[in-house]
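To start, the structure under review is shown below, and the notes come after it.
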Amino acid sequence: MNGENLSITIKTILTVMGIITAAGGAIGVIIKVLSPYNRLKKRVSKHDDLLENDNNRLKEIEESNKHICKSMLVLLDHEITGNSIEKLKNAKSEMQEYLINK
Numbered sequence: 002m003n004g005e006n007l008s009i010t011i012k013t014i015l016t017v018m019g020i021i022t023a024a025g026g027a028i029g030v031i032i033k034v035l036s037p038y039n040r041l042k043k044r045v046s047k048h049d050d051l052l053e054n055d056n057n058r059l060k061e062i063e064e065s066n067k068h069i070c071k072s073m074l075v076l077l078d079h080e081i082t083g084n085s086i087e088k089l090k091n092a093k094s095e096m097q098e099y100l101i102n103k
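In the working numbering, the protein residues as written are 2 to 103.
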């Protein structure tokens, strides 16, 4: 009986070790399968951040262009009519305010 019990114990230990090895291999395969997904997810997240930064910069540039165009129109109006000094003062104040708050 002792030999039989020893044989069962060895078989049990080998079976458990085999299950652990198989589980470790399966986990390794799952990690390898998911790693491209995780890399892509990080990359897309980084691109989203960069896109948001670029979008904010474009909005700032558009706002600057609006102020520049408005100032140019006031200057043209003043050059054409010789008047519009109040418009020039207002445009100057708006431009100063924009540049200070920028």
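Just so you know, even glycine gets a beta-carbon here, dropped at the ideal spot from N, CA and C.
Would you say residue 65 and residue 92 are within 8 Å of each other, going by their C-beta atoms? no
Please state whether the Cβ-Cβ distance between residue 75 and residue 88 is less than 8 Å. yes
Taking 8 Å as the limit between beta carbons, can you name the residues of its chain near residue 23, skipping five residues before and five after? none
Could you tell me the distance, in whole angstroms, from the CA atom of residue 40 to the CA atom of residue 32? 12 Å
By DSSP, does residue 46 sit in helix, in strand, or in coil? helix
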